[in-house]
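Novice: As you go down the protein sequences, you meet chains A and B in turn.
Using the numbering used here, the letters of the first sequence correspond one by one to residues 1 to 369.
Using the numbering used here, the letters of the second sequence correspond one by one to residues 370 to 738.
All residues carry an ideal CB built from backbone N, CA and C; glycine is no exception.
For clarity, every value in this text was computed on a predicted model and none was experimentally measured.
2 protein chains.
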Amino acid sequence: MLVIDFTHVLSGPTCTRMLADSGARVIHIERKTGDDTRHMGPYIADGSSEYFRICNAGKESIALDLKDPKDHALVEKMISKADVVVENFRPGVMTRLGFDPKEMVKKYPKLIFASISGFGQYGPWSKQAAYDTIVQALSGLMDSTGTPDGKPTRVGTSVSDVVAGIIGYSAITTALVARERTGKGTTVDVSMLDSTFSLMVQNLMLALGPHKVPHRIGNRHPDMYPFDTFDCQDQPIAICCGNDHLWNLLLNALGHPEWIEQANFKTNDLREQNWRDVKDAMQAVLKTKKAAEWDDILHEAGVPAGLVLNVDKTRRLDQIIDRGMVKTLDDGNEVLGTPMKYGTWNSYGLQKDSPKLDEDGDKIRKEFE
Amino acid sequence: MLVIDFTHVLSGPTCTRMLADSGARVIHIERKTGDDTRHMGPYIADGSSEYFRICNAGKESIALDLKDPKDHALVEKMISKADVVVENFRPGVMTRLGFDPKEMVKKYPKLIFASISGFGQYGPWSKQAAYDTIVQALSGLMDSTGTPDGKPTRVGTSVSDVVAGIIGYSAITTALVARERTGKGTTVDVSMLDSTFSLMVQNLMLALGPHKVPHRIGNRHPDMYPFDTFDCQDQPIAICCGNDHLWNLLLNALGHPEWIEQANFKTNDLREQNWRDVKDAMQAVLKTKKAAEWDDILHEAGVPAGLVLNVDKTRRLDQIIDRGMVKTLDDGNEVLGTPMKYGTWNSYGLQKDSPKLDEDGDKIRKEFE
């Protein structure tokens, strides 16, 4: 599987990184000065960018000037032999560079040519610039996140970029399955706005079904209580009890079995109505011990709970390590692993570090010229 | 493409809904009382659940008792003819029901048997219960979201469920591509924790590269300013100027070209260091007009910006409507569309509403018995 990768920064490279993790040969075409993320931190001791590494591990690199006729001809040769092309320029840029997606698929009918962009290849907004923050704002995601008395809150990772990359990967693999049946390739058009909008399931079911306007409600569940985060002596913990059975187990674990009789806590509906009282009562007890102690007690009691962790703690969890979600490369550098695990073949992707700029250039020139 | 769908609630049905949108025949096996979401709101006028609809549009339904020998035999027959099985019970449940994933793939070597769970099919935490809120807490996502002086904040949609469904779909289509080459199926193992962890790219590049602990920083970008949300007269707007050129355009649009000379705003690094001052100065101007007015002015000036919208407004955007992201079914009910668009075939999925419980039961029994 040969992938020609014109992507840069985040949404596109996330998609092609997934292709590399699945065993495809990904040739990352960079401009002569390299992908922008090579010049963005954070950097490790040898001066290389971890931003570039995490997005480009397992790929090959060739540095080209797409406006130079010789390089242009080389790229056309590469595309003619490719299974998949991926790019995330603004709509129209590939056409200006002489590689119009529709034309390329017409010329090479088995080719899958995938474009990832802010708003998509068509529609009135298609030419506008988008950044993750703008898409989080427009999609409703930001407005849904935070407390009712606080402000709309950006998700603390570039989820709109990353999810567009994952949806791009999904659409490419779907097109590959279709190609096996029809022999035909296709263009693929994935946008950050569409992809982020497709995450908004709970909010959209309110807006599309009964035509209600959803509002942000902090960390709690809209219909169940206690299903929220709670302060302990040192830090918060998430506790999720969606029915009377779990509520009962929780009360025993907290040492307050008598609350089961309390009139305003009797049913889930009552606890939901009086959630502030339930939360205050629970936190008064939870604040007597550290979150990790409560986590042990609650798990022992069979109550669903989890610590609110910084990702620097998450990455050290046994479960994350055991499942190869932090991958140590041959040279000792670390990157994110793949969440796609299979029973019958290696699920841990390639072990090759991200390439140096033009690292594979000579080899690729010889191969395709 | 035949998919046997044992899923319930959210992560699993998101995956099989994507399979249905891509043209697969998805038979949703429900227990005799129906999927839990049939009994969860929000409901529309005819009493049906929009939660169930949004997750199950385009599927067929059969109601079965998997412990009844006759129904069990029927299901085995269905699996023997299927391309894909998807389930999201806790690890071990399918085995207890007599459909162990590994055994099924051994028996039907072309089968792809996908399991989606909270923590995965192996690892020390695999048997634990997980809910979206717990995974958002453990993954580092919640800790990364919100302001430094505020609390860890849950993302306002069940992103850990939905993304696990999307990753499940990605892994299944990958396995289908592999099957075309090898003739062999496989088990697939996707977890909510792995999937959510894979979103944490920016935070992980700090933690894995220079071994720094990332902290939440509100809505602003870690390295560029102004790249943040700003209050206007009525509501916030996102404005993203990552370089001096855009900063210059912004100052003209705000009517303060003289700020270009201001010592503490001179470079991106200075603006980042003095972001509080930049924000205060900008907001003093922005608060004189409504966000929609500024949105027009900024777009006119070529400054990347976007309104912070409630999803009930997002769903009415031209760009969302034009791209079929809200899909009106044959019966007039509305559901979420698909973000995967292709040039050469219908990208809008099926137009069939979610099935009534056991709607296709008789037909399916005749077909497979």
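Could you give the C-beta distance for P724(B) and E472(B), rounded to a whole number, given that I count them as a contact under 8 Å?
Specialist: Looking up residue 724(B) in the second sequence gives position 355. Looking up residue 472(B) in the second sequence gives position 103. About 29 Å separates the two Cβ atoms, so there is no contact after all.
Novice: Alpha carbon to alpha carbon, how far is E662(B) from G324(A)? Give it in angstroms, no decimals.
Specialist: For the purposes of this step, residue 324(A) is identified with residue 324 of the first sequence, where counting begins at 1. For the purposes of this step, residue 662(B) is identified with residue 293 of the second sequence, where counting begins at 1. Approximately 49 Å, taken between the alpha carbons.
Novice: Classify D353(A) as helix, strand or coil using the three-state DSSP reduction.
Specialist: Within the first sequence, the letter at position 353 stands for residue 353(A). The answer is coil: DSSP assigns D353(A) none of H, G, I, E or B.
Novice: Quick test of your reading: Q319(A) and F488(B), contact by CB under 8 Å. State the CB separation rounded to the nearest angstrom.
Specialist: Taking the first residue of the first sequence as position 1, residue 319(A) is located at position 319. Taking the first residue of the second sequence as position 1, residue 488(B) is located at position 119. That pair is a contact at about 6 Å.
Novice: How is the alpha helix (DSSP H) around L698(B) delimited, first residue to last?
Specialist: As a working note, residue 698(B) is residue 329 in the second sequence. Segment: none, L698(B) is in no alpha helix (DSSP H) and carries neither H nor E.
Novice: Run down chain B in chain order and give the residues with a C-beta less than 9 Å from the C-beta of K212(A).
Specialist: Numbered from 1 along the first sequence, position 212 holds the residue referred to as residue 212(A). Chain B residues near K212(A): P411 and D681.
Novice: So is T167(A) in contact with chain B if we call contact Cβ pairs under 8 Å?
Specialist: One-based indexing of the first sequence puts residue 167(A) at position 167. The residue you asked about is not Thr; residue 167(A) is Ile in the sequence shown. So, interface residue.
Novice: Confirm, please, whether the CB-CB distance from M709(B) to I167(A) is below 8 Å.
Specialist: Within the first sequence, the letter at position 167 stands for residue 167(A). Within the second sequence, the letter at position 340 stands for residue 709(B). Yes; because the gap between Cβ atoms is below 8 Å, this pair is in contact.
Novice: Name the residues in the stretch 499 to 515 of chain B whose C-beta lies less than 8 Å from a C-beta of chain A; which are they?
Specialist: Of all residues in the stretch 499 to 515 of chain B, A499, Y500, T502, I503, V504, Q505, A506, L507, S508, G509, L510, M511, D512, S513, T514 and G515 have a Cβ within less than 8 Å of some Cβ in chain A.
Novice: Got a sec: which bits of the stretch 232 to 262 of chain A sit with their beta carbon under 7 Å from any beta carbon on chain B, in order along the chain?
Specialist: From the stretch 232 to 262 of chain A, only P236, A238 and C240 have a Cβ closer than 7 Å to chain B.
Novice: Going by Cα to Cα distance, which pick from K479(B), T502(B) and D404(B) is closest to F458(B)?
Specialist: Within the second sequence, numbered from 1, the residue matching residue 458(B) stands at position 89. Here the closest residue by C-alpha is D404(B).
Novice: In chain order, which alpha helix (DSSP H) runs of at least 4 residues are fully inside the stretch 141 to 178 of chain A?
Specialist: Here the runs fully enclosed are 141 to 144.
Novice: So, using beta-carbon positions, are A137(A) and L667(B) closer together than 8 Å?
Specialist: For the purposes of this step, residue 137(A) is taken as the residue at position 137 of the first sequence. For the purposes of this step, residue 667(B) is taken as the residue at position 298 of the second sequence. Not a contact, by the Cβ cut-off of 8 Å.
Novice: Pick from G587(B), A576(B) and P605(B): whose alpha carbon is nearest that of D518(B)?
Specialist: For the purposes of this step, residue 518(B) is identified with residue 149 of the second sequence, where counting begins at 1. Answer by Cα proximity: G587(B).
Novice: One question on the structure: do S195(A) and V163(A) come within less than 8 Å of each other, judged by their Cβ atoms?
Specialist: Start at 1 with the first residue of the first sequence, and residue 195(A) comes out as number 195. Start at 1 with the first residue of the first sequence, and residue 163(A) comes out as number 163. Going by C-beta atoms, S195(A) is nearer than 8 Å to V163(A).
Novice: How would you list, in chain order, the residues of chain B whose beta-carbon sits under 8 Å from the beta-carbon of L307(A)?
Specialist: On the first sequence, position 307 is the one that residue 307(A) refers to. Within chain B, the residues near L307(A) are A506 and L507.
Novice: Kindly provide the ranges of any beta strand (DSSP E) runs that are 3 or more residues long and lie completely inside the stretch 60 to 130 of chain A, ordered along the chain.
Specialist: Taking only runs of at least 3 residues, the beta strand (DSSP E) segments lying wholly in the stretch 60 to 130 of chain A are 60 to 63, 84 to 87 and 112 to 117.
Novice: For the stretch 378 to 398 of chain B and the stretch 420 to 427 of chain B, state whether three or more C-beta atom pairs, one from each stretch, are separated by less than 8 Å.
Specialist: Taking 8 Å as the limit for Cβ pairs, the verdict is that the stretch 420 to 427 of chain B does touch the stretch 378 to 398 of chain B.
Novice: Please state whether the Cβ-Cβ distance between V680(B) and A207(A) is less than 8 Å.
Specialist: On the second sequence, residue 680(B) is found 311 positions in, with the first residue counted as 1. On the first sequence, residue 207(A) is found 207 positions in, with the first residue counted as 1. A contact, by the Cβ cut-off of 8 Å.
Novice: How about M200(A) and T526(B): do their beta carbons lie closer than 8 Å?
Specialist: Position 200 of the first sequence, counting from 1, holds the residue named residue 200(A). Position 157 of the second sequence, counting from 1, holds the residue named residue 526(B). In this structure, T526(B) lies closer than 8 Å to M200(A) by Cβ.
Novice: Got a sec? Which residues, its chain only, sit under 6 Å from S144(A) by beta carbon, not counting five neighbours each side?
Specialist: Residue numbering aside, residue 144(A) sits at position 144 when the first sequence is read from its first letter. These residues qualify, in order along the chain: N203 and R216.
Novice: What are the boundary residues of the alpha helix (DSSP H) that D501(B) is part of?
Specialist: Along the second sequence, one-based indexing puts residue 501(B) at 132. Unbroken alpha helix (DSSP H) run through D501(B): D501 to L507.
Novice: Check whether the stretch 390 to 402 of chain B touches the stretch 371 to 378 of chain B, counting contact only when three or more Cβ pairs, one atom from each stretch, lie closer than 8 Å.
Specialist: Enough Cβ pairs lie closer than 8 Å, so yes.
Novice: Flag this pair as yes or no: are the beta carbons of G552(B) and V474(B) separated by less than 8 Å?
Specialist: For the purposes of this step, residue 552(B) is taken as the residue at position 183 of the second sequence. For the purposes of this step, residue 474(B) is taken as the residue at position 105 of the second sequence. Cβ atoms of G552(B) and V474(B): not closer than 8 Å.
Novice: When DSSP builds the beta bridges, which residues end up paired with V26(A)?
Specialist: If you number the first sequence from 1, residue 26(A) lands on position 26. V26(A) pairs with V3(A).
Novice: Please state the DSSP three-state secondary structure of V9(A).
Specialist: Locating residue 9(A) in the first sequence gives position 9, where the first residue counts as 1. Three-state result, V9(A): coil.
Novice: So, using beta-carbon positions, are I116(A) and V190(A) closer together than 8 Å?
Specialist: In the first sequence, residue 116(A) corresponds to position 116, counting from 1. In the first sequence, residue 190(A) corresponds to position 190, counting from 1. It is a contact, given that the beta carbons lie within the stated cut-off.
Novice: Roughly how many angstroms lie between the CA atoms of A24(A) and E630(B), to the nearest whole one?
Specialist: Within the first sequence, the letter at position 24 stands for residue 24(A). Within the second sequence, the letter at position 261 stands for residue 630(B). Between A24(A) and E630(B), the C-alpha separation is close to 51 Å.
Novice: With 7 Å as the C-beta to C-beta threshold (strictly closer), list the residues of the stretch 169 to 186 of chain A near chain B in chain order.
Specialist: Flagged, chain order: Y169, S170, A171, T173, T174, A175, L176, V177, E180, K184 and T186.
Novice: Nearest by alpha-carbon distance to V285(A): which of G255(A), L270(A) and D277(A) is it?
Specialist: Taking the first sequence and counting its residues from 1, the one referred to as residue 285(A) is at position 285. Nearest of G255(A), L270(A) and D277(A) to V285(A), Cα basis: G255(A).
Novice: Which whole-angstrom value is the C-beta distance of K110(A) and R220(A), which I expect to be below 8 Å?
Specialist: Translated into positions along the first sequence, residue 110(A) becomes position 110. Translated into positions along the first sequence, residue 220(A) becomes position 220. 51 Å between Cβ atoms; not a contact.
Novice: Thinking G467(B) and H441(B) are a contact (beta carbons under 8 Å), I'd like their distance in whole angstroms, please.
Specialist: Position 98 of the second sequence, counted from the start, is the residue given in the question as residue 467(B). Position 72 of the second sequence, counted from the start, is the residue given in the question as residue 441(B). About 6 Å; that satisfies the 8 Å criterion.
Novice: Leaving out five residues before and five after A291(A) in sequence, what residues of the same chain have Cβ atoms less than 8 Å from its Cβ?
Specialist: Position 291 of the first sequence, counted from the start, is the residue given in the question as residue 291(A). Counting only Cβ-Cβ distances below 8 Å, and skipping sequence neighbours, we find C232, Q233, D234, Q235, P236, I237, L307 and V308.
Novice: To which residues does DSSP link G675(B) through a beta bridge?
Specialist: Position 306 of the second sequence holds residue 675(B). In the DSSP output, where bridge partners are listed per residue, G675(B) has A607(B).
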